[in-house]
Structure formats: C-alpha cells, structure tokens
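Engineer:
Residue numbers (the UniProt record's numbering): 1 to 266.
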C-alpha cells in the first residue's frame with residue numbers, strides 16, 4: 001500500500017500533516033465500496049444545482065472538500081486499515097456519534113505501524129488533530145501578519161479562538177471584521193487552520209453584522225455539519241433552492257422574502 005505524508009521541519013515547531021487527498025485515494029484503492037458510498041452521501045448532502053454552470057475551479061474545490069469531509073468526518077468500522085486486502089475489503093462506513101474510527105486516523109495509525117518516517121511525535125500530532133478538529137463559520141475579530149495569528153469568533157457554536165495561520169493572517173492583516181469558513185484543530189498547544197477555507201469574505205466587516213449573524217445561527221438552532229456548510233454556500237437550500245450567491249442577488253433585487261414565503265407555503 002503506497003501512501004504519502006508531508007511532515008514539517010522539526011526546527012519549525014510545526015505539526016506533521018497528512019494530506020486528506022491521500023486518505024481518500026488510499027480508501028479508493030483498498031475499499032472502493034466505502035469510498036463510493038461516502039462520495040454519494042456527500043454530493044447528495046451538498047446538493048449542487050444541476051441546471052447551474054459551476055466553474056472548473058469551484059468543482060475542483062468541492063471535490064477537495066469531499067476529501068476533507070471523508071477524512072475527518074466519516075467513520076469506518078473496526079480498527080481501520082490493516083494492509084490485508086481481504087480484511088480491508090470488509091471495512092464499512094459507520095453511522096452515529098462515537099462509532100468507528102475516522103479514515104484520517106485509520107491511515108495515520110496504519111502508517112505509524114508500517115512507515116518508519118512516522119514516529120511518536122507525528123502520530124501524536126495526527127491523533128490530536130483527529131480528536132479536536134471541527135469546521136464552522138468564524139467572524140474575524142483581529143488579524144496580525146507579524147504574529148501569523150487570527151483571532152476569530154465561532155458564530156455557530158460560540159467561543160473565541162486564536163488561530164495560527166500565517167497565510168490568512170497576512171491576507172487579513174489589520175482586519176477587525178469579515179468572515180472565514182474553515183476547519184481548525186488544536187495541535188501542539190495551538191489552534192491551527194487545517195484545511196482550505198470553504199468561503200471567505202472581508203466585507204461586510206461591521207461588528208454589528210457579525211453579532212447579527214451569530215444571533216441568527218443561535219436563535220434558529222441551525223448548526224450545519226461540514227457538508228451542510230458546503231451546501232449553505234454552493235448547493236441548493238432545502239427551502240428556497242438557492243445557494244449563497246443566488247440568495248444575496250435575490251436580497252439585493254428585493255425578491256428574497258417572496259421566494260422564502262413561496263417556499264414555506266409549498
């Protein structure tokens with residue numbers, strides 16, 4: 001079984017990383033049924049509009065987010081991968097909280113057992129990432145390129161986090177507003193970005209907008225999972241059938257309320 005991992009230089013003090021594409025591709029080779037079932041579930045949940053033309057770049061990103069969703073959010077049966085073809089073919093997707101092991105951790109543990117490049121420090125990084133990662137909508141409170149840090153508020157679940165992300169900190173340097181939808185994890189004592197953002201917007205940046213968004217999520221109790229977040233921005237909403245950009249356009253045109261009312265009367 002061939003796998004690939006990227007580990008950071010020791011003197012950088014950064015955690016080891018395992019590419020979620022490698023996780024998905026490994027399961028695609030070892031157990032196509034699990035991979036295919038997960039992919040069907042993901043695209044059903046994301047619910048792209050079949051009558052809308054999506055750019056090649058966006059389609060590639062949606063597939064990339066599938067790798068992240070599969071690696072981190074799915075669970076598989078047993079101890080995960082063994083390297084034994086007949087054993088690995090018996091792996092199944094598991095449903096329900098606390099069931100099984102994530103594909104990410106399954107590959108990480110397999111590599112720890114079989115790959116001499118993966119030592120105790122690397123597997124500890126992988127286990128911490130697997131245990132703590134989550135995706136949400138974050139409101140940017142502060143960003144410092146010098147520190148390489150963002151201070152963000154989780155507007156779905158609540159809580160404020162200082163996140164190490166040199167690229168995003170440079171991009172949003174000095175910002176005290178804006179939105180970033182991403183996955184973070186607590187590894188080596190620091191919260192870090194561990195995926196490519198689903199959505200980013202520097203404007204609007206009014207703190208009142210951030211407070212309003214937080215209230216909207218919390219008052220409605222709407223807590224989408226990762227696939228739900230992809231759907232929220234790029235797929236068809238269950239009520240209106242609109243994605244984020246279509247909803248913004250309808251709001252600007254003054255037709256959004258009518259569309260929502262029509263959907264609620266169906």
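We put the beta carbon where it would ideally sit given N, CA and C, even for glycine.
Could you check whether the segment 71–89 touches the segment 49–59, counting it as contact only if at least three pairs of C-beta atoms, one from each stretch, sit closer than 8 Å?
Structural biologist: Contact fails: fewer than three Cβ-Cβ distances are below 8 Å.
Engineer: Using CA atoms only, rank isn't needed, just tell me which of 164, 168, 191, 214 is closest to residue 157.
Structural biologist: Considering only alpha carbons, the answer is 214.
Engineer: Residue 123 by DSSP, collapsed to three states: which one?
Structural biologist: In this structure, residue 123 counts as helix in the three-state DSSP scheme.
Engineer: Measure from the C-beta of residue 182 to each C-beta in chain D and report whether the shortest distance is under 8 Å.
Structural biologist: The question asks about chain D, but that chain is absent: this structure has only one protein chain.
Engineer: I need the straight-line Cα distance from residue 144 to residue 67, nearest angstrom please.
Structural biologist: One C-alpha to the other measures close to 30 Å.
Engineer: So, do the segment 192–209 and the segment 229–243 have three or more beta carbon pairs nearer to each other than 8 Å?
Structural biologist: Touching, yes.
Engineer: Is it buried or exposed, residue 122, if we count other Cβ atoms within 10 angstroms and call 16 or more buried?
Structural biologist: With 16 or more other Cβ atoms within 10 Å, it is buried.
Engineer: Rounded C-beta distance between residue 128 and residue 187? I'm assuming under 8 Å.
Structural biologist: Correct: roughly 5 Å between the Cβ atoms.
Engineer: Would you report the Cα separation of residue 222 and residue 114, rounded to the nearest angstrom?
Structural biologist: If you take the alpha carbons of residue 222 and residue 114, they lie about 42 Å apart.
Engineer: Within a Cβ cutoff of 8 Å, which residues of the same chain sit near residue 15, ignoring the five residues on either side of it in sequence?
Structural biologist: Within the same chain, residue 15 has close Cβ partners 8, 125, 128, 129, 187, 188, 192.
Engineer: Tell me whether residue 134 sits in a helix, a strand or coil according to DSSP, three-state version.
Structural biologist: Three-state result, residue 134: strand.
Engineer: Report the partner residues of residue 150 according to the DSSP bridge assignment.
Structural biologist: For residue 150, which the question treats as bridged, DSSP gives the partners 143, 163.
Engineer: Return the CA-CA distance between residue 101 and residue 23, expressed in angstroms with no decimal places.
Structural biologist: Residue 101 and residue 23: Cα-Cα distance of roughly 13 Å.
Engineer: Measure the Cβ-Cβ separation of residue 140 and residue 185 and say whether it is below 8 Å.
Structural biologist: The answer is no: Cβ separation not under 8 Å.
Engineer: Rounded to the nearest angstrom, what separates residue 246 and residue 119 at their Cα positions?
Structural biologist: Each residue's Cα considered, the two are about 48 Å apart.
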